[in-house]
Amino acid sequence: MSWWHRTDWLTRAGLLCLAVLVLGTVVATVFGIGGDPEAMVGPRLAPPGGDYPLGTDQLGRSMLPRLFEGIGTTLLLSTVAVLVTAVIATLLGIAAGYWGGWLGEVVMRLVEVLYSFPTIVLAILVAAVVGPGQTATVCSIILITIPLMTRLVRAAAIIVAQRDYVTSAVISGAGWPRILFRHVLPNISGTIAVQGTYALSVGILVEGGLSFLGFGVQPPQSSLGALIQQGSTYLIAAPWLVIVPGIVLVVAILAINVFGDGLRDSLEPREARSLV
Amino acid sequence: MRLFSWWLRRALSAVVTLFLVSILIFAASRLMPGGFAEVVLGPFASPEQKAEVSARYGLDQNILVQYWLWLTTALTGDFGISMISGEPVTTEFGLRLPVTAELTVAGFAAAICLGVPLGVYTAVRAGRGRTAAVGRLASGLGVSVPEFVLGSIVVFLFSRFALGLTVGGYVPLSEDPGQNLRSMVLPAAVLSVFVIAVTARTTRDAVLTVLVEPYITAAIARGESPWFIVTRHVLRNASIPVVTVLSTITAYLLGGAVIIEYLFNLPGVGSYIVQAVGRRDYAVVQAGVLLAAVVFIVLNTLTDAAAGALDPRFGTGSKARRSR
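From first to last, the protein sequence lines stand for chains B and V.
The opening residue of the first sequence carries number 8 in the numbering used here; numbering runs sequentially from there.
The opening residue of the second sequence carries number 11 in the numbering used here; numbering runs sequentially from there.
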């Protein structure tokens with residue numbers, strides 16, 4: 008039975024939602040649905056309807072293509088950052104978990120150092136050092152998501168390293184690259200996938216927060232956080248500028264979280280019991 | 011003796027971590043492009059003026075000397091003066107601590123009074139199935155609404171439709187308690203949504219794990235009432251993840267709820283640090299981040315100690331653990 012059959016409707020709904028967001032954005036970008044996101048075509052702050060399905064912003068740019076561009080930017084930056092995190096955290100976590108000793112000690116100490124920074128302050132420091140923008144966003148997401156993922160990969164690797172199949176591989180003379188990549192890595196891939204999913208939702212949150220404070224993606228490029236930040240100035244006059252990207256942001260994070268929960272439950276099935 | 015050596019080991023590792031944090035934060039604050047002199051004097055200052063300002067604050071010395079001076083004075087509790095206001099950094103943080111403390115107390119109270127019971131209730135009521143999925147969706151929604159989205163919407167609703175609570179207009183608690191509460195209710199509520207959802211999720215998970223243990227089966231077989239089982243067996247055995255998440259939340263709130271403070275225009279610790287980053291007010295940035303790290307590490311250590319007390323097998327190197 009594949010993991011898909013062990014998931015419930017909520018998990019599938021989450022995955023479906025994500026697929027729709029990604030495909031919709033790709034299609035809209037490729038076919039240029041809604042026109043040029045940076046063209047100032049309409050009246051300023053026009054409400055949704057007519058030629059501008061989602062209204063226009065303070066410069067008369069149509070919100071529909073800007074929203075698509077924003078979803079694309081946010082998802083792309085978060086995904087790139089989380090992929091980097093996954094690779095680094097997996098290497099560090101496996102090394103620290105399998106070998107332990109002074110190597111494990113050094114890795115855990117570095118992780119602890121990153122962990123003790125308040126998240127948004129860490130992101131803003133990064134933005135101050137490398138300059139606000141996409142690089143700062145990706146770097147902050149990486150630095151914020153690495154500690155937790157490294158810890159959990161290490162914890163999983165410690166357990167796997169004590170399994171009999173690893174011991175027998177060691178006895179039969181397998182070298183460490185073979186043991187790590189043939190025996191340890193496949194058996195902790197579930198942890199990596201689940202944590203990667205959660206890291207993706209954290210990444211989207213960080214992108215949003217950083218852009219909301221003005222240190223993330225810079226205009227005229229749009230991202231979900233940047234759209235909300237720009238819209239919040241005109242909140243009273245044009246609430247749709249915040250509400251629409253806000254809803255999309257919430258749906259994206261919710262879909263990812265729900266999918267992550269379902270993935271975890273299907274990879275590590277547990278018994279359950281109702282007390283009442 | 012064993013407990014003592016555990017504390018000693020933890021204290022040593024905390025010192026090492028803090029030392030590394032101090033290096034990182036010092037390096038980061040000096041790597042920011044555009045130094046203090048440029049920010050303070052503006053773009054038209056002559057090199058002589060910049061050199062003079064730098065010399066006045068000791069910024070022309072060797073970077074290692076600067077680090078050493080900062081570290082040694084910080085160890086005596088003196089974090090220097092804010093280069094913008096000229097006041098001691100500790101005084102500046104003291105002014106902003108009440109806001110952060112109020113938000114922390116409110117968030118912590120919400121987590122304990124609402125998050126924990128909600129988590130226990132949903133776990134006990136529903137194992138799996140449709141009701142469980144609804145519970146998952148609801149708590150998932152709470153974790154998935156970013157503060158700046160919920161906050162923006164709340165600001166919009168309350169400023170558009172005069173709903174009785176003020177947005178912004180912070181007044182210190184000591185000046186006018188009534189007005190202070192009126193201005194703090196909304197930020198505290200926005201903050202609490204996330205905090206409650208995280209606590210409820212963790213609690214629910216922990217309780218679900220405990221509920222399938224054999225001793226719960228035995229308790230049910232003995233005919234104990236659900237209330238008795240929950241208060242007597244479940245809560246204590248599910249408490250370690252809950253205590254951990256509560257301490258993480260507290261550390262996060264004490265580090266400053268930057269976005270909430272920004273949205274509701276509250277003079278708290280978090281927005282002060284962010285402001286200081288923008289002004290290159292090095293002493294404030296360094297002290298702020300270092301203190302946040304101290305809070306985080308202290309809370310972390312206390313949590314591990316509490317976990318050891320709640321479950322003797324856990325962490326503190328007790329006999330039970332060693333004999334396994």
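Glycine residues also receive a C-beta, built at the ideal position from the N, C-alpha and C atoms.
Contacts of residue i in chain B (Cβ-Cβ under 9 angstroms)
| i | result |
| --- | --- |
| THR86/V | In chain order: nothing, as chain B lies at least about 22 angstroms away. |
| GLY145/V | Those within 9 angstroms of GLY145/V in chain B number zero; the least Cβ separation is about 11 angstroms. |
| PHE103/V | Result: empty, since nearest Cβ-Cβ is about 14 angstroms, beyond 9 angstroms. |
Chain-ordered chain B contacts of residue i [CB-CB under 7 angstroms]
| i | result |
| --- | --- |
| ARG170/V | ILE243 |
| MET42/V | ALA135, VAL136 |
| ILE283/V | VAL128 |
| PHE118/V | Those do not exist, as PHE118/V stays about 16 angstroms from chain B at its closest Cβ, beyond 7 angstroms. |
| LEU34/V | VAL120 |
| ALA38/V | LEU132, VAL136 |
Per-residue burial, residue i [other beta carbons within 10 Å of its own, 16 or more giving buried]
| i | result |
| --- | --- |
| ARG72/V | In the sequence on display, residue 72/V carries Asn and not Arg. Counting Cβ neighbours within 10 Å, ASN72/V comes out exposed, since fewer than 16 surround it. |
| THR101/V | exposed |
| VAL362/V | Past the edges of chain V, shown from 11 to 334, lies residue 362/V, and the structure says nothing about it. |
| LYS329/V | Note on LYS329/V: pLDDT 41, under 50, position unreliable in the model; the coordinate value appears next. When all chains shown are included, LYS329/V counts as exposed. |
| TYR272/V | buried |
| ARG334/V | With a pLDDT of 30 at ARG334/V, under the threshold of 50, the predicted position of this residue should be treated as unreliable, though the coordinate-derived value follows. The residue is exposed, with fewer than 16 neighbouring Cβ atoms inside 10 Å. |
| GLU76/B | buried |
| MET70/B | buried |
| ALA189/B | It is worth fixing the name first, because residue 189/B is Arg in this sequence and not Ala. Burial call: exposed. |
| PRO156/V | buried |
| PRO197/V | buried |
| ASP268/B | buried |
| TRP183/B | exposed |
| TRP11/B | exposed |
| PHE54/V | exposed |
| ARG332/V | Confidence at ARG332/V is low in this model, with a pLDDT of 35, below 50, so the placement of that residue should be treated as unreliable; the coordinate-derived value is given next. So ARG332/V counts as exposed. |
| ALA21/V | exposed |
| GLN169/B | exposed |
| ASP291/V | buried |
| GLY327/V | Low local confidence applies: a pLDDT of 47 at GLY327/V is under 50, so the model's placement there is unreliable, with the coordinate-based value given in what follows. Under this definition GLY327/V is an exposed residue. |
| ILE250/B | buried |
| THR313/V | buried |
| ASP171/B | exposed |
Interface partners of residue i on chain B, CB under 8 angstroms
| i | result |
| --- | --- |
| THR260/V | The premise fails here: THR260/V is roughly 12 angstroms from chain B at the closest Cβ pair, so nothing lies under 8 angstroms. |
| ARG289/V | In chain order: nothing, as chain B lies at least about 11 angstroms away. |
| ILE91/V | Ordered by position in chain B, no residue passes the 8 angstroms Cβ test against ILE91/V, which lies about 21 angstroms from the chain. |
| VAL299/V | PHE124, PRO125, VAL128, LEU132 |
Paired residues, beta bridge with residue i - DSSP
| i | result |
| --- | --- |
| GLY42/B | Answer is none; GLY42/B lacks a bridge partner. |
| SER1/B | Because chain B is modelled from 8 through 283, residue 1/B falls outside the range shown and cannot be assessed. |
| MET47/B | ARG68/B |
| GLY56/B | TYR59/B |
Where residue i meets chain V, residues with beta-carbon distance less than 9 angstroms
| i | result |
| --- | --- |
| PRO139/B | In chain order: nothing, as chain V lies at least about 11 angstroms away. |
| PRO55/B | Correct list: empty, because the minimum Cβ distance to chain V is about 16 angstroms. |
| GLY253/B | VAL155, PRO156, PHE158, VAL159, LEU160, SER162, ILE163 |
Partner residues on chain V for residue i, Cβ-Cβ distance less than 7 angstroms
| i | result |
| --- | --- |
| SER123/B | THR27, VAL31, ALA303, PHE306, ILE307 |
| ALA264/B | The amino acid occupying residue 264/B in the given sequence is Asn; Ala does not appear at that position. Those within 7 angstroms of ASN264/B in chain V are GLY150, VAL153, SER154. |
| PRO246/B | PHE166 |
| SER239/B | SER162 |
Under 8 angstroms from the C-beta of residue i: neighbouring residues of chain V
| i | result |
| --- | --- |
| LEU212/B | PRO156 |
| ASP268/B | ARG146, GLY150 |
| LEU256/B | PRO156, VAL159 |
| LEU61/B | Correct list: empty, because the minimum Cβ distance to chain V is about 16 angstroms. |
| VAL249/B | VAL159, SER162, ILE163, PHE166 |
Minimum Cβ-Cβ distance from residue i to chain A less than 8 angstroms
| i | result |
| --- | --- |
| ILE260/B | Looking at the structure shown, chain A is missing, and the protein chains on hand are B and V. |
Check your understanding: At what residue ranges does the region 70-156 of chain V contain a whole run of the alpha helix (DSSP H), taking only runs of 4 or more?
Key -> As far as the region 70-156 of chain V is concerned, its whole alpha helix (DSSP H) runs of at least 4 residues are 73-85, 99-120, 126-135, 140-154.
Point to revise | Residues within the region 65-76 of chain B neighbouring chain V, beta-carbon criterion of under 9 angstroms | key: Listed by position along the chain: nothing, the set is empty.
Point to revise | Cβ-based contacts, 8 angstroms cut-off: residues of the region 15-37 of chain B near chain V | key: Per Cβ criterion, the list reads ASP15, TRP16, LEU17.
Review point. Closer than 9 angstroms, Cβ to any Cβ of chain B: which residues of the region 262-280 of chain V, in chain order?
Key: Only those residues of the region 262-280 of chain V whose C-beta falls short of 9 angstroms from the nearest C-beta of chain B are listed: TYR262, LEU264, GLY265, GLY266, ALA267, VAL268, ILE269, TYR272, LEU273, GLY280.
Practice item. Mind checking the region 103-124 of chain B against chain V and listing, in chain order, the residues whose C-beta falls within less than 7 angstroms of any C-beta there? Key: Of all residues in the region 103-124 of chain B, ARG116, GLU119, VAL120, SER123, PHE124 have a Cβ within less than 7 angstroms of some Cβ in chain V.
Exercise for review: With 8 angstroms as the limit, tell me which residues of the region 44-67 of chain V have their beta carbon closer than that to any beta carbon of chain B; keep them in chain order.
Suggested key: Contact annotation: in the region 44-67 of chain V, no residue has its CB less than 8 angstroms from a CB in chain B.
Check your understanding: Going along the chain, which residues of the region 214-235 of chain B sit with their C-beta nearer than 8 angstroms to a C-beta in chain V?
Key -> For the region 214-235 of chain B, which is checked against every Cβ of chain V, the residues closer than 8 angstroms are GLY215, GLY216, PHE219, LEU220, GLY232, ILE235.
Practice item. Go through the region 104-160 of chain B residue by residue and report every complete run of the alpha helix (DSSP H) that reaches 4 residues or more, in order. Key: As summarised for the region 104-160 of chain B, the continuous alpha helix (DSSP H) elements at least 4 residues long and confined to that stretch are 108-122, 126-137, given in chain order.
Review point. In chain order, what residues of the region 158-186 of chain B put their CB closer than 9 angstroms to some CB of chain V?
Key: Interface annotation for the region 158-186 of chain B against chain V: empty, criterion Cβ-Cβ distance under 9 angstroms.
Exercise for review: With 7 angstroms as the limit, tell me which residues of the region 75-101 of chain B have their beta carbon closer than that to any beta carbon of chain V; keep them in chain order.
Suggested key: Those residues of the region 75-101 of chain B placed with their C-beta closer than 7 angstroms to a C-beta in chain V do not exist.
Review point. Which parts of the region 182-226 of chain B are runs of the alpha helix (DSSP H), unbroken and 4 residues or longer, counting only runs that do not cross its ends?
Key: Runs found: 192-219.
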